Structures are given as C-alpha cells and as structure tokens.
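Shown next, in the form of structure tokens:
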C-alpha cells in the first residue's frame, strides 16, 4: 500500500464516522437571511476560510473573524467555529462571548464533549486525530487528519446548501473572484 | 531636532502638497450605493486595508482584493488602487482589467503621470518618497514616507465621507469588530 | 449512498490517479538547506498555506508570497506554485519570473500540459475537477475536488519529508504556534 | 485651515508627546540575535504588520502572530504588542502568557498605566485618541489618531534600528519582495 493509499484510507475512516444528520442540523442554522461569521485558528482556520469563500460563491453574506472588513457580530447572526480539540482559547473565548450575545453557534470539532462542542446549537463531530491526541489515530502529523476531514465535511455542507438554495455551478462561477 | 521631529517634518511637507480638491474628487466617486474594492501591495497594501476597515466602520460595502470573501468585481463597482510608483504589476494589471470592465477607479500614487495615475477616474497624488525614488526626498527607508502620507490622506478621505454621510463616532464604534 | 459517500468516492478516484513518483520528485527538490516559497490564489492558495504551515512545523524555512514578512526570492530558492488550471495569472506570472531568476519550481496543477505544469522542475498533477472544467468530473462546485485532492497530496508530501528528515510528531508539536 | 491641516496638526501634537527615550529603550530590546514576534488587532494590527515588514527589510528574523508560518514563541524571543487601550483581550492575554514564558515585551499603547503598558520591558506611550477615549482628543473617528501616530513612531524606531545596524536603503531594497 502506498503512502497515498494509507492516508486516503484514514480519511475514509473518519468520513465514515461523520454523521449526516449533524450536517443536516448545521444546514438548518445557515440561511441566506442571516450573516454568517467564521472562526478558526491555524490549519483549521484555513479550512474555515475555504468554507467562508465557498459560502460567498453561493451567495451568502459571510465574514471571517480577524479579516479586514469584518464588522461586529450581533444577536441573530450565525458563528461557525472550528477547533480540533474544542478547547483552543482564541476560538473558544469569542464563541462563548457570541453565544451569550444571542449568536447561533455551529461548532465543528473532533470532540463533541469539549467546551466548544457543548456550545453548538448545531455541532458537527469530525473525529480525525488532533494534535492533542483526540480522535481516530493517524500516521500523519499533528491534526492533519482532522484538517483533511473538516475540509471535506464543510464542502459537503456547502454542497447541501447550494442544492437547497438552487445555486448552479455557473452562478457560483460568476461570483468567484475575477482578479486572480 | 530629534529623529521624531525630522520624520514628522517630512510628513508635514508631503501632506502640504496633497491637493484637497483631489480628495474631494475621490469623495464623489465613493458612495454608499456602490461596492468599494480595495487593492494594494506590501506596506501600501496595509494602508489600503486600514482604509477598507474604516470604510466598513462607517457603513460601506467594501472588499479587499485577495481576502477570503471578496467576490468578483463588476461594472458599476469602485476600485481604490494604491501604488507608490504607480507601476506595481500586481496592482496595475488588475486595475487595467477592472477599468476595461467598467469599474470606476480611484488611483492613489506618488506619481500622477504613472500608468496607475492615468487610469484614475479620480487620482490622488501623494508625493512621498517611494522605493523607486519618486516624490519628496526622505531620510527614511524605501517608501516609508509615502506609506505614512497615504495613511493620513486616506484617513482624511474617510473623515470627509463620514461627515458627508452623517456617521457619528458612536455609530462607527457599534460596527467595529467586537471579537478582539 | 449518502452525499458524504459520493464526495469521498470522488476524492478516492482523484487520489488514485496522483502518481507517487511525482511526489517523490517534488520531495527531492525540497530540502532544508533551501528557502521554500509558497504561492497560490483563492482556495488553492489556502491549501498552499496549509502546506507552508506544516513545512514550518517540520523545520523548514518557508514563506508565503503575499504575507507580511516574505522577503525577495532569489536564485537557489524553491517556489511551490499551485493552480488548478495552471493558467491563473497571479500565480503563473510570478512563477515565470522566478524561473527566469534561477528559482527551482514545484508546480501543482490539474493539468500537466498547462503553462504552469510545463514550468515545474517537479510537477505534481492532481486531476481533480477545476472551475475551468479540467480533470475528473465532479458533483461538487467549481474546483472543490481539486482543492480537496491538493490538500491531501501536499500532506502526503509533508509526511514523506518528515520521515526523510526524521522529524517526530513531538518535535512538530513543539514548533506549532503556542499563541492560539 | 483645511481638513488635511487639522488632521496633520493632531498628528504633530501627539508625536510631540512621544518620548524619544522610550523609543531608545525599545531599540535596546530589539537585536538581530533575537527572533521578533509582532502582535496587534484591527487597524493597530495593520500598523504592527507594517513594522514587521520593515524589520524584515532591514534584516531581522520577524514573525506576525496569526500568520501562516509563525512558529511557537519561546523564552529569549521578543514580542512587540500594540493596543491603543492596552486592554484588547486578543493582544493582552497572549502577551501575559509570553511574559510568563520569559519573552521580552515591547508594549505600544496610548496608556502606560494599562495592563499592557505595565507588562512592557520597554513601553512606548503614543497618546493618540483611541476608540475607548484615551489620549489626545481628536476630530477623527475611533482610534484613527492613535493608528497614525503609532505608524510614525514605529517607523522612527525602524529608522533608528537601521542606523544602529548600518543597513543602507539599497540593502533594504534588495530584501523587499520582488513578487509584487
């Protein structure tokens, strides 16, 4: 078995444990009449940004916490927070604050019983290995398996949203940045 | 004279050469019914981002080229492009493309006769020293004097916009990110 | 078959077409005595950043083009450029310039015959669907399948590098940002 | 008096209150044998990034907290933290942690008696108006006057460092990104 095969097998294992009904639950929270804010740190944060970019492509009003033009978050908004351990301070603390302020939380974590996992109005558990040792064991470094599986999971959520909202590939293409 | 005094004197000299009527011209192009896109590279790019952030605070729909949630730019939008030399490829080429597509251009450069300067529907000349040697001579490194003067110039433009639009400091504060 | 299963199946198909010997070729170009620069746009760019972050964790001197502290690139450096179509202007043009300046190029693209694919001293072809229609067909939007497959491919490359260099998970953990 | 004149006058007033000996103190902490980390949020954060970029140009090993390739910070490193109020959570908390870990702190704030101000091994007070109402009063919005004055102050610090280290403008130019 090649190293590619070993890694792909790990991804398959984790994705087989992601529960479609949890993705459905998140889908219900994310609607076009709401502003969607995205929060993550490190490589999870990059995956969160990839999700934000695709939400923009399919017509959502979306902001990434920490980027230049992100306004204040308010009651009635949605916050999607990603943390493998569910304990990352720079993700957890703002999410707790937002929850208190009446923001709906979508939590994405390897550990549903973590502080972040418990905050979610919808929580998606992606049980890939994290750098703290949670989740399915992996030959890969740190939280690599979590990152890969979160990436695919959030893309599935995007695909569901685009189908629900009847957004075509051509419509998404028209919204894609044309300054690259 | 302290080093602080010398540097401040340079800034005063450049700011004394920025033409208020050019700022007024840019003010006319930037209106709340339009989407405003912001483009810059390097330290000029950071100043451009600072301008974008403040535009958001005072209620504009604004995007930074290259950030996560920036959609395609279209005819009817406004593009604010900043380049000291007016020749930076990663700024000039997208601006030329946008101009062709019917986007209104606000050019900010040390050299009004540069390719970027000539593209502007409104052009603000900020004649601070750049790394290519344009503008007022400086004891500071590279384009430092240009960056400082662009910073202040764009803040003056923001102040004019906020006054024209009757945006109070409290209203701006309410929009400021509350996740820091 | 659930939507998760359909998406995972697509990823498996593409990953089955990535050639291990192309990853090996890239591995030979990336060594610790060289500075590694990373370039990508949009969602591919986020995957490229994830690769850069992991290279840092395993001890490489690595820079992302466009980030704050990225110095000039010089002969003797390595540039890893990612573009699905292999034709993205903001990726292709700097890569061409770097190649001319004596920089070794690792190209990652869905199309080995694209301009970017032909520039590579090592080229890894990841034949996932892109927004221009290259590669394996997909039910997913735009270049999603390419992004997912590039993510995994670059992680495999990282894993190979860490094994070659004898970097343990604990060593990588010690280098991971502790300010999150 | 034009609006430009009014704004420049405000900057002059604040810069007249910045103490050269505080800049000298910071200069002593920042040396080429140390790794320099930079931290800030919002527009202050953009000014901090501008400082980081210039430190790179003059030959320092410098990292921005939150960017892709930033490693863990360790005892013996230097952290430059910027916050107008000196109370911004996302700046203050990591700075407190770093201080405990043996990192030398350069604090830049409008309020020397703030929690951040008290943490500094060197503290530079830049008494421009902030969004919380500290510092010299201003006609400008939020912390604009602080941002402008911090920008110039950090540029003066850079100029002092470049002179102490005998870095010429040409040497800085050679290090400047050539991929723009």
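Residue numbers (this note's numbering), protein chains in the order written: chain A, 786 to 965; chain B, 786 to 965; chain C, 786 to 965; chain D, 786 to 965. A virtual CB, placed ideally from N, CA and C, is assigned to each residue, including glycine. Note that the structure is a prediction, hence the values are computed from the model and not measured.
Within the model, the alpha-carbon separation for residue 896(B) versus residue 908(B) is close to 10 Å. Taking a 10 Å sphere around the C-beta of residue 948(A), we find fewer than 16 other C-beta atoms and assign the residue as exposed.
Between residue 833(A) and residue 823(A), the CB-CB gap stays under 8 Å. Assignment of residue 846(D) by DSSP, reduced to helix, strand and coil, places it in the strand class.
Think of a sphere of 7 Å around the beta carbon of residue 858(C): the chain D residues whose beta carbon falls inside it are 963 and 964, in chain order. Assigned with DSSP and collapsed to three states, residue 914(C) falls in coil, not helix or strand. In this structure, residue 913(D) lies away from residue 871(D), with their beta-carbon atoms at least 8 Å apart. By the Cβ rule, the stretch 836 to 844 of chain A counts as touching the stretch 839 to 858 of chain B, because three or more pairs are nearer than 8 Å.
Under a 10 Å Cβ-count criterion, residue 805(D) is classified as exposed, with fewer than 16 other Cβ atoms of the shown protein chains found around its own Cβ. One thing to note: residue 876(C) has its Cβ no nearer than 8 Å to the Cβ of residue 920(C).
Non-local C-beta neighbours of residue 928(B) in its own chain, meaning closer than 6 Å and more than five positions away in sequence, comprise 869, 915 and 916, ordered along the chain.
With respect to chain D, the C-beta atom of residue 907(B) has no partner C-beta closer than 8 Å. Against chain C, the beta carbon of residue 916(A) has neighbours under 9 Å at 954, 957, 958 and 961, listed in chain order.
In this chain, the beta strand (DSSP E) harbouring residue 866(C) covers 863 to 867.
Across the structure, residue 796(B) and residue 931(D) are spaced so that their CA atoms are roughly 16 Å apart. Taken in chain order, the members of the stretch 837 to 868 of chain B whose beta-carbon sits within less than 9 Å of a beta-carbon on chain C are 851 and 853. At a cut-off of 8 Å between beta-carbon atoms, residue 789(C) makes contact with chain A. Under the 10 Å beta carbon count, residue 898(B) is surrounded by fewer than 16 other beta carbons and is classified as exposed. Nearest C-alpha to residue 864(C) among 846(C), 886(C), 844(C) and 891(C): 891(C). A straight-line Cα-Cα distance of about 8 Å links residue 911(C) and residue 800(C). As the crow flies, the alpha-carbon of residue 846(B) is around 7 Å from that of residue 819(B). Residue 920(B) has a beta carbon lying at 8 Å or more from every beta carbon in chain D. Separation of the CB atoms of residue 827(B) and residue 962(D) is rounded to 6 Å, and the pair is thereby assigned contact status at 8 Å.
The continuous beta strand (DSSP E) containing residue 889(D) extends over residues 889 to 894. Going by DSSP, residue 824(D) is part of the beta strand (DSSP E) stretching over 820 to 825. Annotation: the continuous alpha helix (DSSP H) that includes residue 944(D) extends over 929 to 949. At a cut-off of 8 Å between beta-carbon atoms, residue 895(A) makes no contact with chain D. The residues 822, 823, 824 and 879, in chain order, have a CB closer than 7 Å to that of residue 850(D) in the same chain once the five nearest residues on each side in sequence are set aside. Under the Cβ distance rule, residue 903(D) does not count among the residues neighbouring chain B, no pair being separated by less than 8 Å. Of all residues in the stretch 816 to 839 of chain C, only 834, 837 and 838 come within less than 7 Å of chain D when Cβ atoms are compared, listed by chain position. For residue 963(B), there is no enclosing alpha helix (DSSP H), as DSSP marks it with neither H nor E. In this model, residue 941(B) and residue 938(D) are separated by some 20 Å (Cα to Cα).
Here residue 951(A) is exposed: its Cβ has fewer than 16 other Cβ atoms, across all protein chains shown, within 10 Å. For residue 909(D), the pairing in a beta bridge is given by DSSP as 893(D). Residue 879(A) belongs to the set of residues whose beta carbon lies under 8 Å from a beta carbon in chain B.
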